[in-house]
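**Student:** The structure follows.
Shown next, in the form of structure tokens:
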């Protein structure tokens, strides 16, 4: 059974499936730009060997980068788990098994979202442990 949400017309009648259909498309486009920016900053303009604790601490001194990383985390997790939900709907026949698998996916989404958010909010550089700066 192929998904009604991929490659076909948008679901009619509104509700959660229509929201999910739009969310997939909008979050996918936004994620493309966020990932390109992230890869450019972390792997093109900065030497990978220089991506150290000091680099992250300096980057997170600016609230913009914390918000940027939180947005990347949020959209990436929700987009991915929404896709997993669609796959589970398409390929798991038993309603009970489908409910259990979707529940596990939801718990994992919540756990990883909370871990990432707590890390981004509470990160404080430890004085004296930044190490040497990377010189080009």
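Numbering (UniProt numbering), first residue to last: 1 to 136.
No residue lacks a Cβ here, since even glycine has one placed at the ideal position from N, Cα and C.
For clarity, every value in this text was computed on a predicted model and none was experimentally measured.
1. For residue 85, does the three-state DSSP call read helix, strand or coil?
2. Taking a contact to mean a Cβ-Cβ separation below 8 Å, would you say residue 81 touches residue 105 in this structure?
3. According to the neighbour-count rule (16 or more other Cβ atoms, all chains shown, within 10 Å of its Cβ), is residue 69 buried or exposed?
4. Could you check the C-alpha separation between residue 1 and residue 92 for me, to the nearest Å?
5. Could you tell me whether the stretch 41-53 touches the stretch 98-115, using the rule of 3 or more Cβ pairs below 8 Å?
6. Thinking C-alpha only, which one of 67, 58, 99 is nearest residue 126?
7. Measuring alpha carbon to alpha carbon, tell me which of 95, 65, 29, 27 ends up nearest residue 42.
8. So, with DSSP's three-state summary, where would you put residue 76?
**Tutor:** Short version:
1. helix
2. yes
3. buried
4. Confidence at residue 1 is low in this model, with a pLDDT of 47, below 50, so its placement is unreliable and no value can be given for it.
5. no
6. Nearest in C-alpha terms to residue 126, of all of 67, 58, 99, is 58.
7. Closest option to residue 42, Cα to Cα, is 65.
8. helix
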